[in-house]
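Participant: In my numbering, the protein residues as written are 695 to 1219. Even glycine gets a Cβ: it sits at the ideal position worked out from N, Cα and C. All values derive from a computational prediction rather than experimental measurement.
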């Protein structure tokens, strides 16, 4: 883990600057104390980072849980009651890991995962445009099309153009130019520009710009357009920001249901993110998903105990880590320590960072996730790849992350069923149009209930007074549903004067008395 610190430390600084406003923004959107977002970011970096098997994933509070948190705080009667649900959610996630339910993550279609990455890239860009122009009505980290302010993603952009803050826009443009210069020119000139990352320079310039212009009538940036980290008066004030669960409500049904909901949604988001980050990883390492659920569970237990938001692995921070050259989990862990140290020592300096500077950084992250070449590649892959991909993208942009993924997954499942129905891999026929009256049908190695429709259709087309040669010699698995179809067809065959010749490993059987009995005694299980 410590062999790649030259790359991990600069990457951790970039992730820190991306994570800081997201932690605060998601807490604000959740109706939770701002400090709770920082707690979950710190725990996600240090605790989950240490326990996780992911080398490049970064965990913290997730926008996908904001609506659940906002509703649950009121429904459960307060923040301390809600923290009990967070702890329970973590315990349930640990149980998920012990039961090895992380395998679910391997069953998400690739087209949906790519659609998720692209959709998140687009939504990052769209949501950051208002912040870039100094229109900061919506908190950082929001991903829903319909915003809490009553606007939507596109109306917020239009309103931002009508309400431009000159100082925020100027430093936003300067920061974007610095980032583009750094990545496209300076990185190729010297290794020093790999160590000193462009985002760090952009943030430093942003702070200097704010300090130099805060008395200027035109370029001054108001506090509402800056990062807003809670600033304690002293140690006692800092400690008072922590909250602790009210365990007297642990037996209430609403608390238990909320805990289970948090565990389910957080686990799903984490597994999706794991699949996505593994695809982005240049080294193509595979994250152990069960261990990830255990790590996330422990993280949520700790976060809930000390007053933090629920934690998941999150794609924005993870992709920023990868794009910045992060190599090992050291990057995620160091980013957690940076959050902790900065909140303890320099919160007032962090509050000099313009949000438009961070928007410029996120523009680059979003573009790298949603490159036009991805759309071209998916379109060339055929409609069965492109349709789930584009549905996922549009769902994320016009609904939210979880609904977009749900829609894409539903389309993906439909296409799998359709392909199973149509795909000749499961059903090979030959000789239907020859004059010898023989029809040859060869079943594939595995035939499941997905193939019922196709097989029924083909059997119904077998003409009267013909011979059906049914070859199952290479079939290792034959679903009971298919055996029952063959059993029913055997009765129809007698009425239609169709002779059935069954080719199996035991030889050739003509007009078997019972397919059910035959396959029960055959090697096919």
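From this set, 1031, 973, 1045 and 958, which residue's C-alpha is nearest residue 785's C-alpha?
Facilitator: Within the chain shown, numbered from 1, the residue matching residue 785 stands at position 91. The shortest Cα separation from residue 785 among 1031, 973, 1045 and 958 belongs to 958.
Participant: In three-state terms, what does DSSP make of residue 846?
Facilitator: Looking up residue 846 in the chain shown gives position 152. Correct three-state label for residue 846: strand.
Participant: Nearest CA to the CA of residue 1033: which residue from 697, 734 and 723?
Facilitator: Counting from 1 along the chain shown, the entry for residue 1033 is found at position 339. For residue 1033, the nearest C-alpha among the options comes from 734.
Participant: Report yes or no: do the segment 878-889 and the segment 831-840 share at least 3 C-beta pairs separated by less than 8 Å?
Facilitator: Judged by Cβ distances under 8 Å, the segment 878-889 makes no contact with the segment 831-840, as fewer than three pairs qualify.
Participant: Leaving out five residues before and five after residue 872 in sequence, what residues of the same chain have Cβ atoms less than 7 Å from its Cβ?
Facilitator: For this step, residue 872 is matched to residue 178 along the chain shown. Contacts found: 892, 895, 896 and 899.
Participant: Can you tell me where the alpha helix (DSSP H) with residue 1181 in it begins and where it stops?
Facilitator: Within the chain shown, the letter at position 487 stands for residue 1181. From DSSP, the alpha helix (DSSP H) with residue 1181 extends over 1174-1189.
Participant: Specify whether the segment 914-933 and the segment 741-759 touch according to this definition: at least 3 beta carbon pairs, one from each stretch, less than 8 Å apart.
Facilitator: Output reads no: the segment 741-759 does not touch the segment 914-933.
Participant: Would you kindly work out how many angstroms separate the C-alpha atoms of residue 849 and residue 1153, rounded to a whole number?
Facilitator: Mapped onto the chain shown, residue 849 falls at position 155. Mapped onto the chain shown, residue 1153 falls at position 459. In a straight line, the C-alpha of residue 849 is about 56 Å away from that of residue 1153.
Participant: Mapping DSSP to helix, strand and coil, what is residue 1225?
Facilitator: Residue 1225 is absent from the structure shown; the chain starts at 695 and stops at 1219.
Participant: Measure the beta-carbon distance from residue 1210 to residue 1177 and round it to whole angstroms, keeping in mind my assumption that it falls under 8 Å.
Facilitator: The residue labelled residue 1210 in the question sits at position 516 within the chain shown. The residue labelled residue 1177 in the question sits at position 483 within the chain shown. Indeed they touch by this definition, with Cβ atoms about 6 Å apart.
Participant: Do residue 745 and residue 914 have their CB atoms nearer than 7 Å?
Facilitator: Start at 1 with the first residue of the chain shown, and residue 745 comes out as number 51. Start at 1 with the first residue of the chain shown, and residue 914 comes out as number 220. Their beta carbons are not under 7 Å apart, which means residue 745 does not touch residue 914 by this criterion.
Participant: Short of 6 Å in beta carbon distance, which residues of its chain neighbour residue 698, apart from the five on each side in sequence? Order them along the chain.
Facilitator: Translated into positions along the chain shown, residue 698 becomes position 4. Cβ neighbours of residue 698 beyond the five flanking positions: 1021 and 1022.
Participant: Give the list of continuous beta strand (DSSP E) stretches no shorter than 3 residues that lie fully inside the segment 1132-1156.
Facilitator: For the segment 1132-1156, whole beta strand (DSSP E) runs of length 3 or above, ordered along the chain, are 1132-1137.
Participant: Exposed or buried, residue 947, counting other C-beta atoms within 10 Å across all chains shown (16 or more means buried)?
Facilitator: Here residue 947 corresponds to residue number 253 of the chain shown, with the count starting at 1. Exposed, by the Cβ-count rule.
Participant: Could you check whether residue 766 and residue 724 sit closer than 7 Å to each other, using their CB atoms as the reference points?
Facilitator: Counting from 1 along the chain shown, the entry for residue 724 is found at position 30. Counting from 1 along the chain shown, the entry for residue 766 is found at position 72. No; because the gap between Cβ atoms is not below 7 Å, this pair is not in contact.
Participant: For residue 753, list the residues DSSP reports as bridge partners.
Facilitator: Here residue 753 refers to the residue found at position 59 of the chain shown. In DSSP, residue 753 forms a bridge with 1007.
Participant: Between 756, 1181, 707 and 1193, which has its C-alpha nearest residue 961's C-alpha?
Facilitator: Mapped onto the chain shown, residue 961 falls at position 267. Of 756, 1181, 707 and 1193, the residue nearest in Cα terms is 756.
Participant: My output table needs one value for residue 1119: the three-state DSSP class, helix, strand or coil.
Facilitator: On the chain shown, residue 1119 is found 425 positions in, with the first residue counted as 1. Note that residue 1119 scores a pLDDT of 43, beneath 50, so its modelled location is shaky; the value from the coordinates is reported in the next line. Reduced to three states, the DSSP call for residue 1119 is coil.
Participant: Taking three-plus beta-carbon pairs below 8 Å as touching, is the segment 707-724 in contact with the segment 1061-1068?
Facilitator: Short answer: they don't touch.
Participant: Any idea what DSSP makes of residue 1193, helix, strand or coil?
Facilitator: Position 499 of the chain shown, counted from the first residue, corresponds to residue 1193. In this structure, residue 1193 counts as strand in the three-state DSSP scheme.
Participant: Are the CB atoms of residue 1161 and residue 1193 within a distance shorter than 7 Å?
Facilitator: As a position in the chain shown, residue 1193 is number 499, starting the count at 1. As a position in the chain shown, residue 1161 is number 467, starting the count at 1. For residue 1193 and residue 1161, yes; Cβs fall inside 7 Å.
Participant: My understanding is that residue 661 touches residue 826, with C-beta atoms under 8 Å, so please give their C-beta distance in whole angstroms.
Facilitator: The requested residue 661 is not part of the displayed model; the chain covers only 695 to 1219.
Participant: Residue 856 by DSSP, collapsed to three states: which one?
Facilitator: What you label residue 856 is simply residue 162 of the chain shown in a count that begins at 1. Residue 856 falls in the helix class under three-state DSSP.
Participant: Leaving out five residues on either side along the sequence, give the residues of the same chain with a beta carbon under 8 Å from the beta carbon of residue 1096.
Facilitator: The residue you call residue 1096 lines up with position 402 of the chain shown. Cβ within range, chain order: 758, 959, 962 and 963.
Participant: Give the straight-line distance between the Cα atoms of residue 1104 and residue 1132, rounded to the nearest whole angstrom.
Facilitator: Reading the chain shown from its first residue, position 410 is the one you call residue 1104. Reading the chain shown from its first residue, position 438 is the one you call residue 1132. About 40 Å.
Participant: Please report the straight-line C-alpha distance between residue 1196 and residue 1139, rounded to a whole angstrom.
Facilitator: Against the chain shown, residue 1196 aligns to sequence position 502. Against the chain shown, residue 1139 aligns to sequence position 445. In a straight line, the C-alpha of residue 1196 is about 16 Å away from that of residue 1139.
Participant: Using a Cβ-Cβ cut-off of 7 Å (strictly less than) and excluding sequence neighbours within five positions of residue 1029, which residues of its own chain qualify?
Facilitator: On the chain shown, position 335 is the one that residue 1029 refers to. Only 706, 709, 710, 713, 739 and 752 meet the Cβ criterion.
Participant: Okay, do the segment 970-982 and the segment 770-789 touch, 3+ Cβ pairs below 8 Å being the bar?
Facilitator: Segments in contact, no.
Participant: So residue 844 packs on residue 1098, CB below 8 Å; how close in whole Å?
Facilitator: Here the question's residue 844 lines up with position 150 in the chain shown. Here the question's residue 1098 lines up with position 404 in the chain shown. Contact doesn't hold; Cβ gap of about 22 Å is too wide.
Participant: Can you pull the DSSP bridge partners for residue 911?
Facilitator: As a working note, residue 911 is residue 217 in the chain shown. Residue 911 is not bridged to any residue.
Participant: Does residue 920 come out as helix, strand or coil in the three-state DSSP assignment?
Facilitator: As a position in the chain shown, residue 920 is number 226, starting the count at 1. Strand, per DSSP.
Participant: Looking at residue 1198: is its Cβ nearer than 7 Å to the Cβ of residue 1166?
Facilitator: Walking along the chain shown from the start, residue 1198 turns up at place 504. Walking along the chain shown from the start, residue 1166 turns up at place 472. It is a contact, given that the beta carbons lie within the stated cut-off.
Participant: Report the CB separation of residue 968 from residue 799 in whole angstroms; it is logged as a contact under 8 Å.
Facilitator: Looking up residue 968 in the chain shown gives position 274. Looking up residue 799 in the chain shown gives position 105. Indeed they touch by this definition, with Cβ atoms about 6 Å apart.
Participant: Given this structure, state the Cα-to-Cα distance separating residue 1031 from residue 997, to the nearest angstrom.
Facilitator: Position 337 of the chain shown, counting from 1, holds the residue named residue 1031. Position 303 of the chain shown, counting from 1, holds the residue named residue 997. Their Cα atoms are separated by approximately 15 Å.
Participant: Quick one: what's got a C-beta closer than 8 Å to residue 865's C-beta in the same chain, skipping five residues either side?
Facilitator: Walking along the chain shown from the start, residue 865 turns up at place 171. So the list reads 899, 900, 903, 904, 915, 1048, 1050 and 1051, once near-sequence residues are dropped.
Participant: So, with DSSP's three-state summary, where would you put residue 1206?
Facilitator: Counted from its first residue, the chain shown places residue 1206 at position 512. The answer is coil: DSSP assigns residue 1206 none of H, G, I, E or B.
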